[in-house]
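Chains W and D supply the protein sequences, listed in that same order.
Take any residue in the first sequence, note its place counting from 1, add 56, and you have its number in our numbering.
Take any residue in the second sequence, note its place counting from 1, add 56, and you have its number in our numbering.
Glycine residues also receive a C-beta, built at the ideal position from the N, C-alpha and C atoms.
Here is the structure we will look at, set down as structure tokens.
Protein chains: 2
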Amino acid sequence: MIHCPTCEQVDSINKAGMVRGKQRYYCKSCQSHFSFADTPKPRSKHQVTIVDIAKELGISKSTVSRALRNQNDIHPGTRKAVMELAQQLDYQPNLLAYGLVKSRTNTVGMIVPEFHHYFFPEVIIGAQEVLQAAGYNLMICQSSESYQTEVANVKALMASRVDGLIVSMTSQTHNVDHFKALENKGTPLIFFNRICPELDTHRVVVDDYEGAFRAVTHLLEQGYRRIAHIAGPASLLISRLRQKGYTDALMAYGLEPAPELVITYDLTDEKARIYAKHLLDLPEPPDAIFAVNDPTAIQVILIAKAKGIRIPEDLAVVGFSNDPISAIIEPGLTTVSQPVGEIGRTAAQLFLETVRLGEQTIPRTETLPTELIIRGSSQKK
Amino acid sequence: MIHCPTCEQVDSINKAGMVRGKQRYYCKSCQSHFSFADTPKPRSKHQVTIVDIAKELGISKSTVSRALRNQNDIHPGTRKAVMELAQQLDYQPNLLAYGLVKSRTNTVGMIVPEFHHYFFPEVIIGAQEVLQAAGYNLMICQSSESYQTEVANVKALMASRVDGLIVSMTSQTHNVDHFKALENKGTPLIFFNRICPELDTHRVVVDDYEGAFRAVTHLLEQGYRRIAHIAGPASLLISRLRQKGYTDALMAYGLEPAPELVITYDLTDEKARIYAKHLLDLPEPPDAIFAVNDPTAIQVILIAKAKGIRIPEDLAVVGFSNDPISAIIEPGLTTVSQPVGEIGRTAAQLFLETVRLGEQTIPRTETLPTELIIRGSSQKK
DNA sequence: AAAACTACCGGGAACATTCCCGGAAATGTT
DNA sequence: AACATTTCCGGGAATGTTCCCGGTAGTTTT
Numbered sequence: 057m058i059h060c061p062t063c064e065q066v067d068s069i070n071k072a073g074m075v076r077g078k079q080r081y082y083c084k085s086c087q088s089h090f091s092f093a094d095t096p097k098p099r100s101k102h103q104v105t106i107v108d109i110a111k112e113l114g115i116s117k118s119t120v121s122r123a124l125r126n127q128n129d130i131h132p133g134t135r136k137a138v139m140e141l142a143q144q145l146d147y148q149p150n151l152l153a154y155g156l157v158k159s160r161t162n163t164v165g166m167i168v169p170e171f172h173h174y175f176f177p178e179v180i181i182g183a184q185e186v187l188q189a190a191g192y193n194l195m196i197c198q199s200s201e202s203y204q205t206e207v208a209n210v211k212a213l214m215a216s217r218v219d220g221l222i223v224s225m226t227s228q229t230h231n232v233d234h235f236k237a238l239e240n241k242g243t244p245l246i247f248f249n250r251i252c253p254e255l256d257t258h259r260v261v262v263d264d265y266e267g268a269f270r271a272v273t274h275l276l277e278q279g280y281r282r283i284a285h286i287a288g289p290a291s292l293l294i295s296r297l298r299q300k301g302y303t304d305a306l307m308a309y310g311l312e313p314a315p316e317l318v319i320t321y322d323l324t325d326e327k328a329r330i331y332a333k334h335l336l337d338l339p340e341p342p343d344a345i346f347a348v349n350d351p352t353a354i355q356v357i358l359i360a361k362a363k364g365i366r367i368p369e370d371l372a373v374v375g376f377s378n379d380p381i382s383a384i385i386e387p388g389l390t391t392v393s394q395p396v397g398e399i400g401r402t403a404a405q406l407f408l409e410t411v412r413l414g415e416q417t418i419p420r421t422e423t424l425p426t427e428l429i430i431r432g433s434s435q436k437k
Numbered sequence: 057m058i059h060c061p062t063c064e065q066v067d068s069i070n071k072a073g074m075v076r077g078k079q080r081y082y083c084k085s086c087q088s089h090f091s092f093a094d095t096p097k098p099r100s101k102h103q104v105t106i107v108d109i110a111k112e113l114g115i116s117k118s119t120v121s122r123a124l125r126n127q128n129d130i131h132p133g134t135r136k137a138v139m140e141l142a143q144q145l146d147y148q149p150n151l152l153a154y155g156l157v158k159s160r161t162n163t164v165g166m167i168v169p170e171f172h173h174y175f176f177p178e179v180i181i182g183a184q185e186v187l188q189a190a191g192y193n194l195m196i197c198q199s200s201e202s203y204q205t206e207v208a209n210v211k212a213l214m215a216s217r218v219d220g221l222i223v224s225m226t227s228q229t230h231n232v233d234h235f236k237a238l239e240n241k242g243t244p245l246i247f248f249n250r251i252c253p254e255l256d257t258h259r260v261v262v263d264d265y266e267g268a269f270r271a272v273t274h275l276l277e278q279g280y281r282r283i284a285h286i287a288g289p290a291s292l293l294i295s296r297l298r299q300k301g302y303t304d305a306l307m308a309y310g311l312e313p314a315p316e317l318v319i320t321y322d323l324t325d326e327k328a329r330i331y332a333k334h335l336l337d338l339p340e341p342p343d344a345i346f347a348v349n350d351p352t353a354i355q356v357i358l359i360a361k362a363k364g365i366r367i368p369e370d371l372a373v374v375g376f377s378n379d380p381i382s383a384i385i386e387p388g389l390t391t392v393s394q395p396v397g398e399i400g401r402t403a404a405q406l407f408l409e410t411v412r413l414g415e416q417t418i419p420r421t422e423t424l425p426t427e428l429i430i431r432g433s434s435q436k437k
């Protein structure tokens with residue numbers, strides 16, 4: 057009943073176990089195992105490939121490949137025919153196959169901690185602008201301020217074999233092994249905003265210290281003396297730099313920063329409100345607050361207004377970044393503006409440069425200027 | 057002087073032209089061409105692969121592949137050894153190769169018209185949330201309201217062989233051939249917000265008509281009668297629906313909408329300001345403006361305030377979307393809130409459903425509810 | 001007319017995986 | 001002891017490209 061597929065024997069066939077849900081047989085005369093093939097799976101719709109075109113035209117896939125891309129070694133007529141058929145069949149090159157052979161995907165990965173506020177989306181826009189012009193795609197991940205997610209993002213991006221990474225770190229990131237690993241692989245890595253001091257990579261930052269210094273100096277010039285600072289987490293260099301700018305500006309004015317007026321927090325809106333309340337409820341409340349960024353400053357203004365505190369008469373507020381809301385809120389928020397789109401563009405350019413120069417690239421730090429934008433929230437007139 | 061590499065002949069060797077910058081030779085005795093190979097390119101650092109692990113362990117790549125992924129047909133000891141070595145060598149699977157053989161990349165593409173305002177980033181966050189949980193990556197493109205870019209985005213995403221597309225169309229998109237082409241390829245396609253009525257796909261929308269109707273009815277109830285509408289471009293269904301809600305609300309109140317009070321525009325901030333000014337400078341200016349979205353409404357408020365027009369006494373303003381700025385601006389902006397994150401999550405779920413059901417999916421439209429948030433900008437008290 | 005050159009084209013390896021299927025050995029069953 | 005089953009492993013095709021290199025035919029030069 058059971059035929060051996062090779063020797064056509066019917067006797068001397070033994071069962072040889074169930075394997076992966078199928079019966080296997082053993083033919084003693086052939087001394088070999090066999091089983092019966094599954095029905096060949098239906099092979100669903102498949103994207104048109106280079107060989108489809110080649111077959112249709114009766115030429116080789118090499119020729120089609122050349123026609124589609126190259127200008128050498130191809131007869132104009134052949135190219136025309138290929139191009140037309142490709143158009144007609146709506147051929148889309150398979151970037152997976154391409155990337156596999158070229159070890160290059162023409163996409164760069166970007167990891168940002170959050171997406172809710174103005175800053176990061178705008179940086180992305182800037183980066184995409186120059187990357188797209190250079191023929192690169194962008195793959196964006198959101199780490200949500202979670203170290204775990206950041207590590208997973210890096211893994212996922214590397215699995216997709218992106219050509220480079222543009223990153224602004226999580227405030228939770230203390231271990232940077234996942235970034236260090238990239239060096240060995242030769243993957244370009246650019247940090248911006250929240251850079252990694254331990255790693256010798258390209259960086260794009262603004263003069264956080266300067267900006268903070270000028271902002272606080274401005275408050276002092278306006279006559280404010282009891283100036284508080286709501287700082288970001290100490291894990292972030294930008295927090296530390298802005299805080300140092302704050303401290304030094306006070307000292308330059310001969311003032312000693314009061315420890316109870318400096319609060320570091322995790323940049324969530326919720327905590328911002330809590331600490332703003334705390335500061336304003338102090339027995340001896342501050343007459344000005346310099347916030348690490350605009351979202352924080354905005355929360356301060358809202359809390360103060362809810363409490364009936366007059367801005368800027370009783371309290372001045374200064375932020376950092378020039379979020380569009382700062383111009384809309386009343387009073388307008390004095391803030392240190394940073395060239396957000398330019399940060400993204402610069403990061404992208406550094407990436408392109410690294411690709412161009414390869415091994416010879418020397419990591420450098422691009423520092424972009426800030427500008428103090430003075431609005432109502434700090435101007436006693 | 058020149059040896060034939062096969063017959064070792066020295067005579068009877070002719071030159072045979074320069075080809076691709078290299079001298080070619082012809083050996084008469086072998087009757088064959090030959091040239092001398094380039095120095096094998098240096099083969100730069102390469103990511104560790106499955107075969108590296110296999111060689112190191114003296115087993116086959118099949119076994120390593122099984123160990124890394126599968127639980128069947130693998131000896132626990134072998135798996136352990138493979139896992140450990142993979143860890144040690146920092147092996148990252150190559151998603152390109154994986155995708156190539158599996159015809160699946162576990163990434164979905166997302167195309168949004170812009171990134172500047174609150175709406176789209178927040179939708180992306182929602183989508184990413186559920187997609188990530190399901191093991192998918194997200195590739196985000198920004199069409200910048202340009203039809204050309206949108207087409208290019210679709211091409212790029214398809215070239216990367218994304219498993220599906222979640223898109224909100226450009227206001228410039230009239231020809232939808234680039235989306236139609238996806239049907240044949242069996243790529244799941246989900247529209248949200250700015251959907252494509254001509255295409256029979258999954259869709260996620262909110263009850264734009266209802267929302268607009270309620271908003272305008274609210275204005276009427278507050279006693280406003282000369283209500284203008286700054287609408288979005290007629291190419292977008294949401295514009296048309298919101299405008300219809302506006303019109304019908306007026307009619308339901310027995311009012312005839314005045315043509316000079318309805319303006320459609322391209323959703324740029326600049327134009328918003330121009331048209332806001334225009335409306336307010338009318339000989340018989342409106343006493344209320346219903347704007348197609350919050351960014352537009354915000355511009356109206358800013359212009360009105362600059363002109364010294366009192367809100368809501370002289371002018372009421374209502375927006376759409378409940379952008380965070382609406383709660384911050386003064387007076388607070390009355391607006392139709394939509395569940396932004398939920399839109400993204402729903403779109404992602406529809407995608408997952410399509411993947412699960414395959415051919416059997418029946419396209420459907422998920423309509424999410426809106427809610428009228430009444431703030432100071434429309435409340436004569 | 002032989003030699004050299006040019007213009008095109010095709011074969012096939014390589015890229016890093018997965019997956020099918022058969023082989024071999026160990027264990028279990030009549 | 002013969003048969004049956006289970007467990008684990010390896011070979012090799014397939015995926016869709018690019019790229020190297022040699023082949024052929026026709027043209028130009030000597």
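Taking 6 Å as the limit between beta carbons, can you name the residues of its chain near residue i, skipping five residues before and five after?
i: D:VAL210; result: HIS234
i: W:ASP264; result: ILE294, LEU297 and ARG298
i: D:ASN249; result: SER224
i: D:PRO395; result: LEU424
Specify the secondary structure class of residue i as computed by DSSP and reduced to three states.
i: W:GLU422; result: strand
i: W:ILE58; result: coil
i: W:TYR203; result: helix
i: W:ASN240; result: helix
i: W:LYS84; result: coil
i: W:GLN405; result: helix
i: D:LEU428; result: strand
i: W:LYS211; result: helix
i: D:SER291; result: coil
Tell me, please, whether the CB atom of residue i is closer than 7 Å to any CB atom in chain D?
i: W:MET214; result: yes
i: W:GLN148; result: yes
i: W:ASN378; result: no
i: W:ARG217; result: yes
i: W:ILE109; result: no
What residues in its chain sit with their C-beta under 8 Å from that of residue i, if we drop five residues either side in the sequence?
i: W:ASP129; result: ARG122
Among the options, which residue has its Cα nearest to the Cα of residue i?
i: D:ASP146; options: D:ALA212, D:ASP325 and D:GLN103; result: D:GLN103
i: D:SER216; options: D:LEU151, D:ALA142 and D:ASP343; result: D:LEU151
i: D:PRO387; options: D:PRO395, D:SER434, D:ARG401 and D:HIS131; result: D:SER434
i: W:ALA353; options: W:ALA142, W:ALA308, W:ASP370 and W:LEU323; result: W:LEU323
i: D:ILE429; options: D:VAL396, D:THR391, D:GLU185 and D:PHE176; result: D:THR391
i: D:ILE222; options: D:THR205, D:MET195 and D:ALA237; result: D:MET195
i: D:PRO244; options: D:ALA237, D:ASP219, D:CYS252 and D:PRO253; result: D:ASP219
i: W:ILE418; options: W:PHE407, W:GLU427 and W:LEU424; result: W:PHE407
i: D:ILE180; options: W:LEU187, W:SER200 and W:ASN162; result: W:SER200
Could you tell me whether the Cβ of residue i comes closer than 7 Å to any Cβ of chain W?
i: D:PRO419; result: no
i: D:PRO177; result: yes
i: D:ASN193; result: yes
i: D:GLY155; result: yes
i: D:LEU151; result: yes
With a threshold of 7 Å on Cβ separation, who are the neighbours of residue i within its own chain once the five nearest residues in sequence on each side are excluded?
i: D:VAL107; result: LYS117
i: W:PRO380; result: TYR174
Going along chain W in order, which residues have a C-beta closer than 9 Å to the C-beta of residue i?
i: D:PHE171; result: PRO177, GLU178, ILE180, ILE181 and GLN184
Starting from residue i, find everything on chain W with Cβ-Cβ shorter than 8 Å and list it in chain order.
i: D:ILE384; result: ILE354, LEU358, ILE381, ILE384 and ILE385
i: D:ILE196; result: LEU194, MET195 and ILE196
Determine the chain W residues that contact residue i at a beta-carbon separation under 7 Å, and present them in chain order.
i: D:ALA237; result: ASP146
Using the beta-carbon of each residue, which ones in chain D are nearer than 9 Å to residue i?
i: W:LYS300; result: None at all; the shortest Cβ gap to chain D is about 30 Å.
i: W:LYS211; result: GLN148
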